[in-house]
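Presented below is the structure to which this report refers.
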Amino acid sequence: MRLAIAALALLAAACTTEPGPGTPRTVGAVDLQRYAGTWHEVARFPTSFQDNARLRCVDVTATYTLRPDGKVGVVNRCRNALDNGQEKVANGVAYSAAPGNDRLRVSFFWPFYGDYWVIGLDPDYRWAVVGAPERDYLWILSRDAAMAPADYTAAVAIARREGFDVSRLRRSTP
Numbered sequence: 001m002r003l004a005i006a007a008l009a010l011l012a013a014a015c016t017t018e019p020g021p022g023t024p025r026t027v028g029a030v031d032l033q034r035y036a037g038t039w040h041e042v043a044r045f046p047t048s049f050q051d052n053a054r055l056r057c058v059d060v061t062a063t064y065t066l067r068p069d070g071k072v073g074v075v076n077r078c079r080n081a082l083d084n085g086q087e088k089v090a091n092g093v094a095y096s097a098a099p100g101n102d103r104l105r106v107s108f109f110w111p112f113y114g115d116y117w118v119i120g121l122d123p124d125y126r127w128a129v130v131g132a133p134e135r136d137y138l139w140i141l142s143r144d145a146a147m148a149p150a151d152y153t154a155a156v157a158i159a160r161r162e163g164f165d166v167s168r169l170r171r172s173t174p
């Protein structure tokens, strides 16, 4: 029994990504109260869970709510452009993995978690740039469905500065 518990602890530790040399820098602090609410996805790296043979997500939103247990509720919605705009919804939960709340761990299928690192954030919380430390995921989010061109340019510049291959970015609108 002790061996099984130790193995589970080691597995959990291996699944947690700590910042280190060569990882993207995060913003340092995120006020989760201000971050809560609905964000519109403006652009993303294509992902298997948003882009595949049967699904192409458009009109994507992510809604974050603070829960009484200190975690963050996550509801992602999109319309499937390959299925007459049929709505797809994914419910998840996130928790802060850093004192400044700029590195979250998000799960849509327990016990699997992914990294959600805020690498760019407008001072007024109008837009955000979110990625993963391996630079395999990237999203540009905006409070409004349409993002001002200057804001989009600033967000892309942050992603580029942090080593993301911004040529992979795809706009999320049809």
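full-length UniProt numbering puts the first residue of the sequence shown at 1, with every later residue one more than the last.
Yeah, the Cβ is synthetic: ideal placement off N, Cα and C, and Gly gets one too.
Judged by DSSP in its simplified three-state form, residue 159 adopts helix.
Counting only the Cα atoms, residue 33 lies some 14 Å from residue 126. Of the candidates 155, 74 and 37, the residue whose Cα lies closest to the Cα of residue 89 is 74. Excluding the 5 residues flanking it on each side, residue 108 has same chain C-beta neighbours closer than 6 Å at 90 and 92, in chain order. Put simply, the stretch 64 to 72 does not touch the stretch 124 to 144. Fewer than three CB pairs are less than 8 Å apart. Listed in chain order, the beta strand (DSSP E) runs fully inside the UniProt domain "Lipocalin/cytosolic fatty-acid binding" (30 to 172) are 37 to 44, 57 to 66, 72 to 80, 86 to 96, 103 to 109, 112 to 121, 127 to 131 and 138 to 142, counting runs of at least 3 residues. Taking the CA atoms as reference points, residue 27 sits about 12 Å from residue 159. Contact fails between the stretch 153 to 168 and the stretch 50 to 62, because fewer than three Cβ pairs, one in each stretch, are under 8 Å apart. Beyond the five residues adjoining it in sequence on each side, residue 67 comes within less than 6 Å, by CB distance, of 73 in the same chain, given in chain order. Nearest to residue 35 by alpha-carbon distance, out of 57, 101 and 43, is 101. Of the residues 22, 43, 87 and 128, the one whose Cα lies closest to the Cα of residue 168 is 43.
The alpha-carbon separation between residue 152 and residue 166 amounts to approximately 12 Å.
Taking every protein chain shown into account, the CB of residue 46 has fewer than 16 other CB atoms within 10 angstroms, so this residue is exposed. Taking C-alpha positions only, residue 117 is separated from residue 83 by approximately 31 Å. The beta carbon of residue 106 sits closer than 7 Å to those of 74, 92, 94, 113, 114 and 116, all from its chain and outside the five residues before and after it, given in chain order.
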